[in-house]
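As structure tokens, the structure follows; a few thoughts come after it.
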Amino acid sequence: MAISWPLVVSVLLSISSLVTSASNSDSVHEAFVQCLLDNSHPSHPISEAIFTPQSPSYATVLQSYIRNLRFNETYTPKPFLILTALHQSHIQAAIICAKKGNIQMKIRSGGHDYDGLSYVATVPFFVLDMFNLRSIDIDTETETVWVQSGAILGELYYRISELSKTHGFPAGVCPTVGVGGHFTGGGYGNMMRKYGLTVDNIVDAYFIDVNGRIHDRKSMGEDLFWAIRGGGAASFGVVLAYKIKLVHVPEIVTVFRVEKTLEDNATDIVDQWQHVASKLPKELFVRLVIDVVNSSTRTGGSTVRVSFISLFLGDSKTLVSIMNENLPLLSLSQSDCIETSWIRSVLFWTNIAIDSPTDVLLNRTPSLSYLKRKSDYVKQPIPKTALEGIWEKMIELQPAQMIFNPYGGRMAEIESTATPFPHRAGNLWKIQYLANWNQGGAETAQRYIGLTRKLHRYMTPFVSKNPREAFLNYRDIDLGVNHNDRGSYLEGRVYGIKYFKGNFNRLVHIKTKVDPTNFFRNEQSIPTLPH
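Going left to right, the sequence shown walks through residues -21 to -1, 1 to 510 as mature numbering (1 follows the signal peptide of the UniProt record, and there is no 0) numbers them.
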């Protein structure tokens, strides 16, 4: 057979190109490590914070904060280096050196970014891991806390409870979520109807900018301070710590979880809930978790179950009275309720036995699964006949689930421009769509992601429009991807308007001012204005 020399030459050139490219990237990576070492402060050596694929602990460090197993596959792109910062000077060195080499930096605090954007990229990248920076400094006199970005919510709650039985903080119900990402995306929990979002209770921050300078609220200015409270701080710099204002909670709070299926009149109860949930007293939060379970009585063997889960900042007698007046179809009784402390209500909401030692909240290792999440906002009650159609669709698409989180109360009082988070008055509730599975592989993932997308698509007539709004903390790459090139602004606008509505334009102007070269970027970051 005759040899095709053009083909041979082409193959050799391709191999040569790959070898050259690998060699070039190796030299860039080596130069980056050397730059980190050169910029290390003698009293805070950086060498022990550097992990490369050659380091024995690299895989352990990488996987320790991967909270979605979809991004722990053999084919998942891996960072060429992880920097587990031990001191603020390490963050400054990382910024200076990455900027010098034009290297993509991902910033990870707790690893709960639903679509893995804090530790995965399609270009060569490194991870700035914040988990060592987790100090919590509480001042009970001023009722404020300085909390570093690498702390988790469980640690924050536990430390507050050590010092006070009558203070808490309005943030998420999952204790292993990292402070950094949760706070910068808005952050919400079961006290939001009383106290608003996490970002509504932030009063200062320590922030490191694109030039490696450290700022507090005063030196960064009100525009930037506004942006990093709900606009995704990873687009602007690195937040080292937040100063938060504690809120008051009664010594006794009440929780309940009541489950109803379609056979138990769930449709009528949900219909009643949707008309009153946003108008209930601010102290009361009643979430719905809607899933599909086996049924011995229904044709097809499946039914929809609705779990009504509540936190009330008060006693059970008052709660039962409020519920029976506003949501009588649920038929809540005293025996359904548990009176407890605020810190133990955190356990209840995390499905941890309520009498467990509260230091279980210090555990940083959650149970893991493969997962996909999406979000929506509902502004009008859904007709009861449409609810029945939704249940049928959920049975068809099981195991896709939905969670309804009621708004109103304090959320309706805060202006939509007060922080980048725009979803305030006019929203009845927020929907979280979720699917969890326990088998790896791209094919399995696509099947479950597809089920979630189909349920999201089915809900189109019942949710917000123009734009179809979404919640930044429920990261959803389906909403659009930014390639951070010439079309960056237009690409960013696609998802930016959904996450931030009219606040997107202000975020873009602030971004352009503080990070004009778009160094702090990811697949859904705030873009700069087009040149």
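For each residue, glycine too, the CB sits at the ideal point set by N, CA and C.
query	result
With a threshold of 6 Å on Cβ separation, who are the neighbours of I317 within its own chain once the five nearest residues in sequence on each side are excluded?	V234
Taking the straight line between their C-alpha atoms, what separation do you get for G146 and K480?	It should be pointed out that residue 146 corresponds to His in this sequence rather than to Gly. If I take the Cα positions, the gap works out to 33 Å.
Mapping the DSSP letters down to three states, classify I489 as helix, strand or coil.	helix
Count the C-beta pairs between the region 245 to 257 and the region 150 to 165 that are closer than 8 Å, then say yes if the count reaches three, no if not.	no
Give the range of the alpha helix (DSSP H) segment to which R284 is assigned.	Note, R284: premise wrong, no alpha helix (DSSP H); beta strand (DSSP E) at S281 to F291.
S214 and R500: beta carbons closer than 9 Å?	yes
Among E52, D494, Q33 and T31, which residue has its Cα nearest to the Cα of G419?	E52
Assuming L407 and P360 form a contact by the criterion Cβ under 8 Å, report the distance between their Cβ atoms to the nearest whole angstrom.	7 Å
Using 8 Å as the Cβ pair cut-off and three pairs as the minimum, do the region 137 to 153 and the region 351 to 365 touch?	no
In whole angstroms, what is the alpha-carbon distance linking S34 and P58?	13 Å
Kindly indicate if chain D contains any beta-carbon less than 9 Å away from that of T439.	Of the protein chains in this structure there is only one, and it is not chain D.
What is the rounded straight-line gap between the Cα of H462 and the Cα of R192?	27 Å
Assuming V226 and N180 are in contact, meaning their beta carbons sit under 8 Å apart, how far apart are those beta carbons, in whole angstroms?	7 Å
Hey, A220 and Y167: beta-carbon distance below 9 Å or not?	no
Name the two residues that bound the continuous beta strand (DSSP E) containing T297.	That residue, T297, is in no beta strand (DSSP E); its alpha helix (DSSP H) goes S295 to N305.
So, helix, strand or coil for N415, using DSSP?	strand
How many angstroms separate the CA atom of S114 from the CA atom of Q127?	5 Å
Mind checking whether R46 and G80 have CB atoms under 9 Å apart?	no
For the alpha helix (DSSP H) containing R352, list its first residue and its last residue.	Note, R352: premise wrong, no alpha helix (DSSP H); beta strand (DSSP E) at Y349 to V357.
Between L508 and T491, is the Cβ-Cβ spacing less than 9 Å?	yes
Who does F162 pair with in a DSSP beta bridge?	Bridge partners of F162: none, in fact.
Give me the residue from S286, V271 and R447 with the minimum Cα distance to G279.	V271
Going by beta carbon distance, what residues of the same chain come within less than 6 Å of S68, once the five residues before and after it are set aside?	H20 and H23
Kindly identify the DSSP beta-bridge partner or partners of Y221.	V126 and A184
On the three-state DSSP scale, how would you describe V232?	strand
Taking only runs that begin and end inside the region 56 to 94, name each unbroken beta strand (DSSP E) of 3 or more residues, in chain order.	60 to 63 and 83 to 87
Out of F441, N384 and Y356, state which residue places its alpha-carbon closest to the alpha-carbon of Y478.	Y356
Strictly by DSSP, which residues pair up with P385?	W408
So, under 8 Å CB-CB, P103 and S4 are touching, yes? Tell me the CB distance rounded to an integer number of Å.	6 Å
Nearest by alpha-carbon distance to T155: which of N484, V339 and T396 is it?	V339
Roughly how many angstroms lie between the CA atoms of V(-3) and A10, to the nearest whole one?	Only weak support exists for where V(-3) lies, its pLDDT of 45 falling under 50; the value from the coordinates is given anyway. Between V(-3) and A10, the C-alpha separation is close to 18 Å.
Count the other CB atoms, across all protein chains shown, that sit within 10 Å of the CB of L467; report buried if there are 16 or more and exposed otherwise.	Leu is not the amino acid found at residue 467; the sequence shown has Ser there. S467 comes out buried.
Determine the burial state of D195: buried for a count of at least 16 other Cβ atoms within 10 Å of its Cβ, exposed for fewer.	exposed
What three-state label does DSSP hand I(-19) in the structure shown?	Confidence at I(-19) is low in this model, with a pLDDT of 49, below 50, so the placement of that residue should be treated as unreliable; the coordinate-derived value is given next. DSSP places I(-19) in coil when its eight states are reduced to three.
Would you grab the beta carbon distance between G293 and P229 for me? Rounded to a whole angstrom, and I think it's under 8 Å.	6 Å
Alpha carbon to alpha carbon, how far is G475 from H510? Give it in angstroms, no decimals.	19 Å
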